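Enquirer: Handing you a structure now.
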Amino acid sequence: MLTHPVFNKRLIARSSVLAACALVALFLVQCSGGGDSAVFVIEPLPYHQDALSPTISAETMGFHYDKHYAGYVKKANELTKGMGFAGKAAEAVIQATAGDASKAAVFNNAAQAWNHAYFFKCLKPDGGGVPEGLLAEMIDSAFGGFVDFKSRFITAAKNQFGSGWVWLVLDEGKLAVVTSANADTPLAHGLIPLFTVDVWEHAYYLDYQNRRVDFVTAVLDNLANWDFVAAQLEKTLPPKA
Ligand SMILES: [Fe+2]
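Positions -6 to 234 (the working numbering) are the ones given, in order, by the sequence shown.
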């Protein structure tokens, strides 16, 4: 079939643009470590990287989000490729690989991807203060008051040996403070995470050096997003009639 030369040129030009777009899309997918089987996505920060300063500096947030968190997401996607997790939630990958020594690398990267995304959502500029409503009532019931909860949380952070996380969780309907080592997460132990602070040194060393307690105290005082935590708690309740 013959076609007009001008039409051919347009067709070639259009094809070239489409091919270029396809290459760019493929490049972006490859950069995320994903492809159509990617389970994990890099969740956007709900604030600018410098918005938590001076409690957490822009430099710390830059390394933490762009290097550590993004690295875990990329690695988790690479490791889960071909494992049959396509279309599954990140939580399902964590629960399916927890406790399986042969899948430790998958679990570690998947859990770290989830833990970090959750941690970043637990913070906000001009946060801190005290919780209200049901969350406040449950903190009073479980710990004797917010001051006692805070003390319990900071002590747990101090006593966590090495890298890990400190959590406020829901354990069979009651609030509890727990710690997890390295990448471990309450999701792997039947607990419902509500609030967390990352106590890996990369979370605070640039700003606080070895003063972990100062870091955790400052996060509770200035950044804790109790509205987000209260919303997570609400999700665990049966729907109102
Ligand atoms: Fe971290």
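Idealized CB from N, CA, C, for every residue including glycine.
All values reported here derive from a predicted model rather than from experimental measurement.
Using 8 Å as the cut-off, can you tell me whether the stretch 105 to 117 makes contact with the stretch 131 to 142, which would need three or more C-beta pairs spanning the two stretches below that distance?
Expert: no
Enquirer: By Cβ distance below 7 Å, which residues in the same chain neighbour lysine 143 in space, the five residues on each side in sequence not counted?
Expert: As a first step, residue 143 is located in the sequence shown; it is residue number 150 there, counting from the start. Correct list, in chain order: Leu213.
Enquirer: Buried or exposed: where does serine 173 fall if 16 or more other Cβ atoms within 10 Å of its Cβ makes it buried?
Expert: Start at 1 with the first residue of the sequence shown, and residue 173 comes out as number 180. Result: buried.
Enquirer: Helix, strand or coil: which one does DSSP assign to alanine 91?
Expert: Your numbering for residue 91 matches position 98 in the sequence shown. It is coil, neither helix nor strand.
Enquirer: What residue from Pro186, Gln153, Val159 has the CA that sits closest to glycine 166's CA?
Expert: For this step, residue 166 is matched to residue 173 along the sequence shown. Measuring from the Cα of glycine 166, the nearest candidate turns out to be Pro186.
Enquirer: If you count every other CB in all the chains shown that lies within 10 Å of the CB of glutamine 105, and 16 or more means buried, which is it?
Expert: Taking the sequence shown and counting its residues from 1, one reaches residue 105 at position 112. Glutamine 105 should be labelled buried.
Enquirer: Does the distance between the C-beta of tryptophan 193 and the nearest non-hydrogen atom of ligand 1 fall short of 8 Å?
Expert: In the sequence shown, counting from the first residue as 1, residue 193 sits at position 200. For ligand 1, at least one heavy atom lies less than 8 Å from the Cβ of tryptophan 193.
Enquirer: Does the beta-carbon of alanine 103 have 16 or more other beta-carbons within 10 angstroms, so that it is buried, or is it exposed?
Expert: Looking up residue 103 in the sequence shown gives position 110. So alanine 103 counts as buried.
Enquirer: Determine the DSSP secondary structure at glycine 157, reduced to helix, strand or coil.
Expert: Indexing the sequence shown from 1 puts residue 157 at position 164. Looking at glycine 157 - three-state DSSP - the assignment turns out to be strand.
Enquirer: In angstroms with no decimal places, state the Cα-to-Cα distance between glycine 122 and alanine 217.
Expert: Along the sequence shown, one-based indexing puts residue 122 at 129. Along the sequence shown, one-based indexing puts residue 217 at 224. Rounded to whole angstroms, glycine 122 to alanine 217 spans 8 Å at the Cα level.
Enquirer: With which residues is leucine 116 paired in a DSSP beta bridge?
Expert: In the sequence shown, residue 116 corresponds to position 123, counting from 1. Looking at the DSSP assignment, leucine 116 forms a beta bridge with Ala217.
Enquirer: Could you tell me the distance, in whole angstroms, from the CA atom of valine 17 to the CA atom of proline 232?
Expert: Indexing the sequence shown from 1 puts residue 17 at position 24. Indexing the sequence shown from 1 puts residue 232 at position 239. The predicted position of valine 17 is uncertain, since its pLDDT is 37 and thus under 50; a value taken from the coordinates is nonetheless stated next. Per the coordinates, the alpha-carbon of valine 17 lies some 45 Å from the alpha-carbon of proline 232.
Enquirer: If we count Cβ pairs, one from each stretch, closer than 8 Å, do we get three or more for the stretch 86 to 103 versus the stretch 173 to 183?
Expert: yes
Enquirer: Can you look up proline 186 in the DSSP assignment and give me helix, strand or coil?
Expert: Counting from one through the sequence shown, the residue named residue 186 turns up at place 193. Looking at proline 186 - three-state DSSP - the assignment turns out to be strand.
Enquirer: Please list the terminal residues of the continuous alpha helix (DSSP H) segment that includes valine 123.
Expert: As a working note, residue 123 is residue 130 in the sequence shown. Element bounds for valine 123: n/a, residue is neither H nor E.
Enquirer: Between the alpha carbons of arginine 145 and valine 170, how many angstroms are there, rounded?
Expert: The sequence position of residue 145 within the sequence shown is 152, counting from 1. The sequence position of residue 170 within the sequence shown is 177, counting from 1. Between arginine 145 and valine 170, the C-alpha separation is close to 7 Å.
Enquirer: Buried or exposed for threonine 229, going by 16 or more other Cβ atoms inside 10 Å?
Expert: Working through the sequence shown from its first residue, we reach residue 229 at position 236. By the 10 Å Cβ count, threonine 229 comes out exposed.
Enquirer: In this structure, how does DSSP classify lysine 233 when only helix, strand and coil are distinguished?
Expert: Counting from one through the sequence shown, the residue named residue 233 turns up at place 240. DSSP places lysine 233 in coil when its eight states are reduced to three.
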